[in-house]
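As numbered in my numbering, residues 346 to 516 make up the sequence shown, in order. Yeah, the Cβ is synthetic: ideal placement off N, Cα and C, and Gly gets one too. A quick write-up on the structure given underneath.
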Amino acid sequence: MLEILLVIVIISVLATMLFTGYGSYTKRTRDARRKSDLAQIATAIDQYVFDHKYAPPRDDTIFDCDTSVGLYKKYPGDPNGCDPDYPMIYGPLGSGWGKISNKTLADSVEGGYISKLPVDPINNKAYFYVYKPVKKTDGALWGPACGYDYCRYLLQAGSEVDKLNPIQMIR
Numbered sequence: 346m347l348e349i350l351l352v353i354v355i356i357s358v359l360a361t362m363l364f365t366g367y368g369s370y371t372k373r374t375r376d377a378r379r380k381s382d383l384a385q386i387a388t389a390i391d392q393y394v395f396d397h398k399y400a401p402p403r404d405d406t407i408f409d410c411d412t413s414v415g416l417y418k419k420y421p422g423d424p425n426g427c428d429p430d431y432p433m434i435y436g437p438l439g440s441g442w443g444k445i446s447n448k449t450l451a452d453s454v455e456g457g458y459i460s461k462l463p464v465d466p467i468n469n470k471a472y473f474y475v476y477k478p479v480k481k482t483d484g485a486l487w488g489p490a491c492g493y494d495y496c497r498y499l500l501q502a503g504s505e506v507d508k509l510n511p512i513q514m515i516r
């Protein structure tokens, strides 16, 4: 009887270790996909920049943040314009990259530079991709200013493994 109890305890401990490890593995896998997706998006933007000499613009009179879950307008108290707890102006949450008459990232690069912009593996209020072009007037914050309206850009995704440090590409 003691042997059976011991076997049950050992199996329980092994099962717990297995399931704990699996959760960590899936988080690392999704973070790896996020890095790969951001690299694909960056390649498409870089090709656009090569052809046009500036990053795809955004119309900040309409929205402040272009994300894989919709477009956001900055509201008072929202420090970066990309907080999904604030109302979005385009589509339901998780609807994908927004398109508004050639004024968004998707309008600029889909079709010619990338077939379809990828979305985050989870793509919800906690995990989504962000694209923010940087205006030349913000050059002091991001390095030397250039002669065009949008010189550089930021791509960002939340990390499940390191929640305090998002996955970022600044170019």
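Starting from W378, follow its DSSP beta bridges and name the residues at the other end. The question names Trp, but residue 378 is Arg in the sequence shown. In DSSP, R378 forms no bridge with anything.
Between P466 and P401, what straight-line distance do the alpha-carbon atoms span, to the nearest angstrom? 24 Å
By DSSP's criteria, D542 is part of a beta bridge. Which residues make up the other side? The chain is shown only over 346 to 516; residue 542 falls outside these bounds and no answer can be derived.
For the beta strand (DSSP E) containing M514, name the first residue and the last one. I512 to I515
Determine which residues share a DSSP beta bridge with L350 and list them. Paired residues: none, contrary to the question.
Going straight from the alpha carbon of K461 to that of T371, what length do you get? 24 Å
Coarse secondary structure for Y393, derived from DSSP in three states: helix
Assuming the contact rule is C-beta atoms closer than 8 Å, I459 and A502 should be a hit. Round their C-beta distance to whole Å, please. That pair is no contact at about 16 Å.
Please classify V354: is it buried, with 16 or more other beta-carbons within 10 angstroms of its beta-carbon, or exposed? exposed
For R497 and K477, what's the separation of their Cα atoms in angstroms? 9 Å
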